[in-house]
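So that you can map any letter, position 75 of the sequence shown is 77 in the numbering used here, and since no number is skipped, the others follow by simple counting.
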Amino acid sequence: MTEKTYHALLIEDNPADARLIREYLHMTDSVQFTLDHADRLASGLRQLAAQPADVVLLDLSLPDSHGWDTFSQVQQH
3 MTEKTYHALL IEDNPADARL IREYLHMTDS VQFTLDHADR LASGLRQLAA QPADVVLLDL
63 SLPDSHGWDT FSQVQQH
């Protein structure tokens, strides 16, 4: 049986946090992920427009967006 590989987009401006999340996702045996990363909301939205993701991991405090507005903009895509 072939396992589905999920495409995840991580929108996180802190390099250490992004690295930690990437490591955790690659440690799991039950689910396979491909992971793209953006460090700003604007670049993450461009990536979503080019290639939709199965899951978005989202920092709600980014240099170019904060809080609920960040979530709302991603949800619109």
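Every residue gets a Cβ at the ideal spot worked out from N, C-alpha and C, and that includes glycine.
- Residue pairing by DSSP places residue 34 opposite 7 in a beta bridge.
- The alpha-carbon separation between residue 14 and residue 65 amounts to approximately 10 Å.
- Residue 33 and residue 58 do not touch by the CB rule: their CB atoms are close to 15 Å apart, not below 8 Å.
- For residue 10, the CB contacts under 8 Å within the same chain, skipping 5 residues up- and downstream, are 27, 35, 36, 37, 38, 55, 56, 57, 58, 59 in chain order.
- The beta-bridge partner set that DSSP reports for residue 64 consists of 67.
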